[in-house]
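> For the sequence shown, position 39 matches number 44 in the working numbering, and the numbering has no gaps at all.
Glycine included, each C-beta is placed from N, C-alpha and C at the ideal position.
Have a look at this one before I ask anything.
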Amino acid sequence: MTESNQNKTNFAGTYFDRDAVIRLTRFLKIASWIVAVVYIYQLITGMAVFVLQLSRNLVYIGGPTDLMQQIGWLLQPSLAGVIFYVALQAFAQALLILLDIEDNTRRAARK
6 MTESNQNKTN
16 FAGTYFDRDA
26 VIRLTRFLKI
36 ASWIVAVVYI
46 YQLITGMAVF
56 VLQLSRNLVY
66 IGGPTDLMQQ
76 IGWLLQPSLA
86 GVIFYVALQA
96 FAQALLILLD
106 IEDNTRRAAR
116 K
């Protein structure tokens, strides 16, 4: 028996398509990287605009609290992007872990 046939379970009581779940995990991983790139681009663009505004004296910075507030406004959307990235990666890994648990349970039941 080849290794691909040995690893694939053909149990009729399975309620899902294993290949569809693997495709979904690949999509989630790709989507998470797209989200990361978009939010990194947004952060770089926002920082460039902020530096240009500072160099042209278009932004009034009255003190350290104003500067921290401006930096906070720059970082807030990026933190949401980090959360989206981590959540999508975690969901993709959780699906793979659930597939492994299901496969191991079926193998243990056969023995």
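Roughly how many angstroms separate the alpha carbons of T7 and Y46, rounded to a whole number?
Position 2 of the sequence shown, counting from 1, holds the residue named residue 7. Position 41 of the sequence shown, counting from 1, holds the residue named residue 46. Only weak support is given to the placement of T7: the predicted model assigns it a pLDDT of 49, under 50, and the value that follows is read from those uncertain coordinates. In this structure, the straight-line span from the alpha carbon of T7 to that of Y46 is close to 46 Å.
> Rounded to the nearest angstrom, what separates D108 and A95 at their Cα positions?
For the purposes of this step, residue 108 is identified with residue 103 of the sequence shown, where counting begins at 1. For the purposes of this step, residue 95 is identified with residue 90 of the sequence shown, where counting begins at 1. Cα to Cα, D108 sits roughly 20 Å from A95.
> Where does G86 land, buried or exposed, given buried means 16+ other C-beta within 10 angstroms?
For the purposes of this step, residue 86 is identified with residue 81 of the sequence shown, where counting begins at 1. Answer is buried; the Cβ neighbour count reaches 16.
> What are the boundary residues of the alpha helix (DSSP H) that F32 is part of?
Here residue 32 corresponds to residue number 27 of the sequence shown, with the count starting at 1. R23 to S60 is the extent of the alpha helix (DSSP H) around F32.
> Of the choices Q74, A114 and F32, whose alpha-carbon is the least far from that of A97?
Here residue 97 is taken as the residue at index 92 of the sequence shown, counted from 1. Considering only alpha carbons, the answer is F32.
> Within 10 Å of its beta-carbon, does L57 have 16 or more other beta-carbons around it, so buried, or fewer, so exposed?
Position 52 of the sequence shown holds residue 57. Per the 10 Å Cβ criterion, exposed.
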